[in-house]
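Worksheet: one structure, shown below.
Protein chains in written order, with this note's numbering: chain A, 2 to 307; chain C, -11 to 238.
Here is the structure:
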C-alpha cells in the first residue's frame, strides 16, 4: 500500500524553488530516506508531507488523502520529529507527552498509560517527572521521538533525527528507530549522515538543488554510482596533484583531495598492485568498501553548500 | 480542539500558579494603599461626587485587565514562535490554526479574569463597590482583555525579536494606561488626546467598569462600548489568525 505518493511535487518561496518537481512513493512498512546537502529541499519536502506547507504545484497524496483539504485528518495519523526540538522546556518529561496526546483527542487515562510505555521505550522512565530543560540533547531528542509516537502514527516523519547528537546518543536513537522499523512502523527521514541512511533506510533518494538525482536502496546506489572498493593513497608531498597523471587508468575514476587521492576501483588489491608496478610508493594506502558517502559526494559534489 | 490547547496552557500554568496568584493580590493591594489612600487624601473633593479611591478603582480593574492580557500575550506568543517554538509542535498535530490561537486566547482570558477577581475582592474589602453591578466588571474585563490581546497576538506573531515588545509597552500600553480615564477624567485632556483615548480600547472598559461599580449610567451607550470593544477583538483576531498562518503554514 502506498502511503505517500508525490508526482511533480513543487515548492516555491517567491522566486526561490526549494523543491523542483519530485516523484516519490513510500510503501507501508518501509524506511525511506531523503538524503542531500543543506538546502537540497529535504526539509521543505518533509514539511509538505507533514501537511504544514501547501505544495505550490504537483500531486501529493498522503494516506490516500489530499493535504490541501484534509490536513488535520492526515496529521492525526502522522508522527513528526522536527529538526529543531519544540518541547515545552518547563513542563515535565511526562507532561510533554500527555499534553501532546490530548491534541489528538486521546483520553487522559490512555494518554498517561501511553506516556509511560513510550518513556520506557526511549529509556527516559527515570526522568519522567523532571523538567525538560536540564536534559541532554540526546534525551530531548528521544523525548521528541516518543512524542511523535504518542498517537500510534501510520507514518513517522523524522527530520535529521540525530543531527547535533554525540556518538553514544546517536547510536541509541538509531537503535530505537531500528526497533520501530522492526515493528513495521513506516519511517520517513531526512539526513545528511551517510551511516544513518545506510543503517536505517530500505530505500532512499538523493536530493540536490530541489531535484532527485538518484534513487534506490543504499546497496543499489553504491553499485550504480560508485565502485565496489575505494583505494585511498597518501603521498608524502606538498601536492597530491602531481601523482594524478601517473595514476591515470588505474580504476574507473580518480579524485584528488588536498591530502590524498581516491581511486574508485572494482578490486582494491589489484589496484594497489598496479600502483606498485608504476613504481609509485605512497606513504599511506587504505583499501575500503565503497560507502553511501562516496555516492553522495559524487552526486552532489564536494563544494560546501552553505 | 480549542479546549485541548487551553488544557495545555493550564497544565503549563500549574507550575507557577501560586506565585502568580500571590502577585495578583499584592498588586491591587499596593495600588489601593498608594494611589487611593495616599493620592486620594489630596483629592479632597472626590470626582463626580464620589471619593477618589472609589472613582479610580474600577478604572484600575479595567487597566489591570489590559496589562495582564497584553503581558500574557506578548512574550508568550513571541516565544511560541521564536524561543520554545511550541506553536510548531501544535501545528504538526491535528489542530487548526484557529484552535491554536483560540486555545491560547482562552488562557489569556482566564488569566485576565483571575487577576481581576483578585482585584475586585481586595477593592470590595476596602468598601469601594457601590452596587452589585460591580460583578459586571468581570465580563467587561474579559472583553477589554480580548480587545487588546488579539492585536497583541498579531503583533507578537509578526516581530522576530523582543525589543519590539518594549516599544509596544512604551508607546502603546503605558500611554494608554495613563490617558484612558483611569486616574483622571478623559474630559480634562486636550481635544486631540481625548480622541486618541476614545479610539483605544481601554477607556471603553474603564467607562463601563466605573458605571458598574458606582451603579451609575456610563458616559457612552453600553451597547456602543461593547460593540466597539468587540470590533477591536474581532479585527485583532483576524490579523492574528493571518499572522499565525503565515508563520505556521509556509
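In this text, a Cβ means the ideal position worked out from N, Cα and C, and glycines have one as well. A quick note: this is a predicted structure, and the numbers were derived from the prediction, not measured.
Let me see if you follow: with CB-CB separation under 8 Å, is residue 44(A) close to chain C or not?
Closer than 8 Å: no.
Per-residue burial, residue 291(A) [other beta carbons within 10 Å of its own, 16 or more giving buried]:
The residue is buried, with at least 16 neighbouring Cβ atoms inside 10 Å.
Alpha-carbon to alpha-carbon, residue 83(A) and residue 71(C):
For residue 71(C) and residue 83(A), the distance between alpha carbons rounds to 15 Å.
Give the interface partners of residue 11(C) over in chain A, defined as CB-CB distance under 9 Å, in chain order.
Ordered by position in chain A, no residue passes the 9 Å Cβ test against residue 11(C), which lies about 18 Å from the chain.
I need the DSSP call for residue 65(A), collapsed to helix, strand or coil.
The DSSP-derived three-state label of residue 65(A) is coil.
Neighbour-count burial assignment, residue 97(A), 16 or more Cβ in a 10 Å radius
Classification of residue 97(A): buried, given that the 10 Å Cβ count is 16 or more.
Listed by chain order, chain C residues near residue 91(A) by CB distance under 7 Å
Under the 7 Å cutoff, chain C gives 0 and 3.
Whole angstroms are fine: how far does the CA of residue 95(C) sit from the CA of residue 186(C)?
Answer to the nearest angstrom: the Cα atoms are 28 Å apart.
Fully enclosed by the segment 186 to 261 of chain A, which beta strand (DSSP E) runs are 3 residues long or longer?
If we require 3 residues or more, the beta strand (DSSP E) runs fully inside the segment 186 to 261 of chain A come out as 187 to 192, 204 to 209, 212 to 217, 230 to 235 and 254 to 257.
For residue 56(A), count the other beta carbons within 10 Å of its own beta carbon; 16 or more makes it buried, fewer makes it exposed. Which is it?
By the 10 Å Cβ count, residue 56(A) comes out buried.
By Cβ distance, which residues of its chain are closer than 6 Å to residue 307(A), with the 5 residues on each side in sequence left out?
Per-residue confidence for residue 307(A) stands at a pLDDT of 49, beneath the threshold of 50, marking its modelled position as unreliable; the derived number appears in the next sentence. Counting only residues of its own chain and dropping the five nearest sequence neighbours on each side, residue 307(A) has a CB closer than 6 Å to the CB of 39.
In angstroms, rounded to a whole number, what distance separates the CA positions of residue 126(A) and residue 64(C)?
Between the alpha carbons of residue 126(A) and residue 64(C) lies a distance of about 29 Å.
Against chain C, with Cβ distances strictly below 8 Å, would residue 137(A) count as a contact?
Residue 137(A) has a beta carbon lying at 8 Å or more from every beta carbon in chain C.
Measure from the C-beta of residue 73(C) to each C-beta in chain B and report whether the shortest distance is under 8 Å.
Within the model displayed, chain B is absent; protein chains A and C are what it includes.
Between residue 198(A) and chain C, is the shortest Cβ-Cβ distance under 8 Å, so that the two count as touching?
Not one chain C Cβ lies under 8 Å of residue 198(A).
Quick check on this structure: which residue in 13(C), 99(C) and 217(C) has the alpha carbon closest to the alpha carbon of residue 111(C)?
Checking every option, the nearest Cα to that of residue 111(C) belongs to 13(C).
Is there a Cβ of chain C sitting closer than 8 Å to that of residue 292(A), yes or no?
With respect to chain C, the C-beta atom of residue 292(A) has no partner C-beta closer than 8 Å.
Alpha helix (DSSP H) segment containing residue 98(C), residue limits:
Residue 98(C): member of the alpha helix (DSSP H) spanning 85 to 113, first to last residue.
Identify the contact partners of residue 81(A) in chain C, using a Cβ-Cβ distance below 7 Å as the criterion.
Within chain C, the residues near residue 81(A) are 80.
Are the beta-carbon atoms belonging to residue 78(A) and residue 61(A) less than 8 Å from one another?
Annotated as distal: residue 78(A) and residue 61(A), with beta-carbon spacing of 8 Å or more.
For residue 238(A), which option in 176(A), 281(A) and 175(A) has the closest C-alpha, if you only look at C-alpha atoms?
It is 281(A).
Supposed contact pair residue 176(A) and residue 132(A) - C-beta distance, whole angstroms, cut 8 Å
The C-beta separation of residue 132(A) from residue 176(A) comes to about 26 Å, leaving the pair out of contact by the 8 Å criterion.
Could you give the residue range of the alpha helix (DSSP H) that holds residue 12(A)?
Per DSSP, residue 12(A) belongs to no alpha helix (DSSP H); it is in the beta strand (DSSP E), 3 to 14.
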